[in-house]
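Worksheet: the structure to be examined is printed underneath.
There are 2 protein chains.
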Amino acid sequence: MTDTTYLKKRVGQCCRHMDDEGLDVLLLTKPANMFYLTGDGRLCAYAMITRDGKVALGVPSTDVADVTAAARFDHITGFEDEVGMIHSIAHYFSHFAIAEGSVGLEYTFLTQSMMGMLTHPHAKPEGVAPRDCTHILSAMRMVKEPAELGRLRAAAAVADAGMAAAVSAVKAGATESQVAAAAEYAMRHAGAEDFWRSYVSSGPRTNIAHGLPTNRELEAGDLVMIDIHPIVGGYSSDICRTVCVGAPTAEQQAAYDLYLRAQQATIAKIRAGVGMVELEQTMHGILGDAGHGDHVFGPPIHGVGIEFEEAPLPPGHAFFHGEKEPPPLPANAVISVGNCGLYTGPWGVRVEDTNIVGQDGPETLTRYPRELVPA
Amino acid sequence: MTDTTYLKKRVGQCCRHMDDEGLDVLLLTKPANMFYLTGDGRLCAYAMITRDGKVALGVPSTDVADVTAAARFDHITGFEDEVGMIHSIAHYFSHFAIAEGSVGLEYTFLTQSMMGMLTHPHAKPEGVAPRDCTHILSAMRMVKEPAELGRLRAAAAVADAGMAAAVSAVKAGATESQVAAAAEYAMRHAGAEDFWRSYVSSGPRTNIAHGLPTNRELEAGDLVMIDIHPIVGGYSSDICRTVCVGAPTAEQQAAYDLYLRAQQATIAKIRAGVGMVELEQTMHGILGDAGHGDHVFGPPIHGVGIEFEEAPLPPGHAFFHGEKEPPPLPANAVISVGNCGLYTGPWGVRVEDTNIVGQDGPETLTRYPRELVPA
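Read top to bottom, the protein sequences are chains R and A.
Numbering-wise, the numbering used here puts 133 at position 137 of the first sequence, and it's gapless, one number per residue.
Numbering-wise, the numbering used here puts 207 at position 211 of the second sequence, and it's gapless, one number per residue.
See below:
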């Protein structure tokens, strides 16, 4: 099955969702969604999908030749600037004879300004009402095809290589930023075309929820939290490890062992049909039973795919993505387990791995050793 | 003058803007704006600024100790999740006795989902109307203080180091991603705590507007476009160079020479009081006179500061930022010149540098040599 066949099939599925929901056309600008449906997702571009399966792309005029090679589409337009973009959208509404009905927009992605542009009277016919279409793309992207699983496995192998390099760079005197440098350099040389922002925190900074790297120098006895996300062939992986500079205290080791036990017990429950909430409760339950119920932050589980955080997502996190509650996990969904962390106050620990939801159990893709004191 | 004094002065200026516009409170979630006003800008957090200068911060409960050390504020709240966040926002509206009037929100940053959360009836009093406040923060951040200029100079030196490493990595057989790796590794080791996404494109890919790196291998005769943006002490720099793998054709050299001439002529016109449009017309004019008027994409000039693309911005680019037209450039604004590129079809060239708007002329901060064939 070629990529083009996949894309055609995906557009067909998308049209059935649009039928079910009475949407006449989608107007997508989120690169990940455009990539999934058309084979190309770039900045400053849009894709329109009609209910009968026509695909129109608008891209910067400079990019027309490049996108022609990459994407599956029926129509393509290059525009010089945003006024041209607005007019080209209006042109497609007219060309597809859509003067009333509803257009699906990505409410979890569009800023107020972009929303204003896409719904401008010079872009969208007055009779066409905008509605959120995030959930349609999320539902489709949640279940991975075999070729997607292959790319996710490749991305996980690159994540393991990045983590090995990062852990090798952990030593007193190195900065958090330099640990990130080692991971990123190794991931690019192992085959990543790019990566999402790296998180490296150390010492007291391991207690914060989103520890972006700083120039803080590692000290003996520090914990170091490393969270990296390579992109390989358009697909991502998510791995987090916590390691100690030298020997941990008994308290640090105990917290780490507890967290790892909770994470592994949660992973062990992964199988087709299990609910996100059941997995969350497993993870939170073990931490809570040990007296750490108030020491977690953020959802412990999220999907991984074209984005390193995507559906299935826990419901309601507007800052996170703003999605609705997912169904019981289908086979071939891919989820990261261990995102919530255990934050004790002076320091925190986190271990996170990417897993395929198999019919009868998990396939854990990221495999770098889970040890507070690296061998 | 300490950082805290700066922050107090900035909040005071902000209050005068709010007075002028009749805004009762700002509710900020964009990290760059929060960093500017409070000294701390982190993900999944908010800052409220009242018209009489009170500052309240909400952060993940894990982060309270960390933010206390970093930020300037009168109140701080930790929340466990987004429901807690909504309730803490409601608490501050009540505590500050703001039951009607208007709240400033960042329309160029907030997604529809985040907007829904911040204006939820459980967060915002019904009598308080939301309005865009992007332009207030943009106007304030546009003029840099001496300490900010110092950080921008440091970031530019790191950008030069990154470019030197990237250009050294350019050779047949290396991938675009590996060229990015060299730049990023060097920037982190030269003092960057982080960087914005790197752009590296080669061969035919130099003709696209936003050339993110791929695993394409460089070939003899390829042009390679490298655009990098380190962050040092919270401030960014923006540099782009185009180099050739081996010897360029006469056509490539001529296009490069033309582009560099247009960029340098535009930089030479920088001084306090000059208009963005005048600078744009200089750049576009020289390219247009040479028959390349249709071979540019995107605004040639944008501001640089906490973000690598910020005010002053050309008006109307909703995808870019969605801001209003800036005033004539004030002294100590910082702008990048050369962002539009020259895209001939088979390949493109771009040279971009970060400059301080001086009273009588430019101070160009990024200084890596501008040569199509590196010495």
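Glycine included, every Cβ here is placed at the ideal spot set by N, Cα and C.
In this text, all values refer to a predicted model and were calculated from it rather than measured experimentally.
- THR360 (chain R) and ARG149 (chain R) have their C-alpha atoms roughly 9 Å apart.
- Judged by DSSP secondary structure, THR262 (chain R) falls within the alpha helix (DSSP H) whose first and last residues are 246 to 264.
- CA-CA distance, GLU96 (chain A) to SER90 (chain A), rounds to 11 Å.
- Nearest CB-CB separation between TYR88 (chain R) and chain A: not below the 8 Å threshold.
- Minimum Cα-Cα distance from HIS118 (chain A) among the listed residues A:LEU133, A:GLU305, A:PRO311, A:TYR88 corresponds to A:TYR88.
- Around the beta carbon of GLU180 (chain R), a 10 Å sphere encloses 16 or more other beta carbons of the protein chains shown; the residue is thus reported as buried.
- Between the region -1 to 13 of chain A and the region 157 to 171 of chain R there are fewer than three C-beta pairs closer than 8 Å, too few to call the two in contact.
- With contacts defined by Cβ atoms closer than 8 Å, ARG366 (chain A) and VAL347 (chain A) form a contacting pair.
- By the beta-carbon neighbour count (other beta carbons within 10 angstroms, threshold 16), PRO310 (chain R) is buried.
- Flagged as an interface residue toward chain R: ASN203 (chain A), by a C-beta distance shorter than 8 Å.
- Annotation: the continuous alpha helix (DSSP H) that includes VAL163 (chain R) extends over 142 to 165.
- Contact residues of the region 95 to 127 of chain A toward chain R are TYR103, THR104, PHE105, LEU106, THR107, GLN108, SER109, MET110, MET111, GLY112, MET113 (C-beta to C-beta distance below 7 Å).
- Judged by pairs of C-beta atoms under 8 Å, the region 220 to 228 of chain R does not touch the region 285 to 297 of chain R, as fewer than three such pairs exist.
- With respect to VAL60 (chain R), GLY74 (chain R) sits close: the two C-beta atoms are nearer than 8 Å.
- Counted as a single uninterrupted DSSP element, the stretch harbouring LEU19 (chain R) is not any beta strand (DSSP E), since DSSP gives it neither H nor E.
- With respect to ALA307 (chain R), CYS40 (chain A) sits apart: the two C-beta atoms are not nearer than 8 Å.
- Excluding the 5 residues flanking it on each side, HIS116 (chain R) has same chain C-beta neighbours closer than 7 Å at ILE82, in chain order.
- A distance of 8 Å or more separates the beta carbons of CYS236 (chain R) and LEU219 (chain R).
- GLY74 (chain A): member of the beta strand (DSSP E) spanning 71 to 75, first to last residue.
- The beta carbon of GLU189 (chain R) sits closer than 8 Å to some beta carbon of chain A.
- Contact fails between the region 186 to 198 of chain R and the region 18 to 38 of chain A, because fewer than three Cβ pairs, one in each stretch, are under 8 Å apart.
- Chain R places no beta carbon closer than 8 Å to that of LEU214 (chain A), leaving this residue out of the contacts.
- DSSP assignment within the region 52 to 114 of chain R yields the following whole alpha helix (DSSP H) runs of 4 residues or more, N-terminal first: 60 to 66, 78 to 91, 108 to 114.
- Distances from the CA of LEU101 (chain A) to each of A:LEU208, A:PRO324, A:MET14 were compared; the closest alpha carbon is that of A:MET14.
- Contact residues of the region 1 to 25 of chain A toward chain R are THR25 (C-beta to C-beta distance below 9 Å).
- Under the DSSP assignment, ARG193 (chain A) falls in the beta strand (DSSP E) whose first and last residues are 190 to 198.
- Looking at the DSSP output, GLU215 (chain A) shares a beta bridge with no other residue.
- For ASN211 (chain A), a Cβ of chain R is located within less than 8 Å of the residue's own Cβ.
- VAL175 (chain R) and GLU122 (chain R) have their alpha carbons spaced roughly 53 Å apart.
- Between VAL369 (chain R) and VAL330 (chain R), the gap from beta carbon to beta carbon reaches 8 Å or more.
- Close to PHE293 (chain R), with beta-carbon spacing below 9 Å, are these residues of chain A in chain order: CYS40, PRO56, SER57, THR58, ASP59, GLU76, ASP77.
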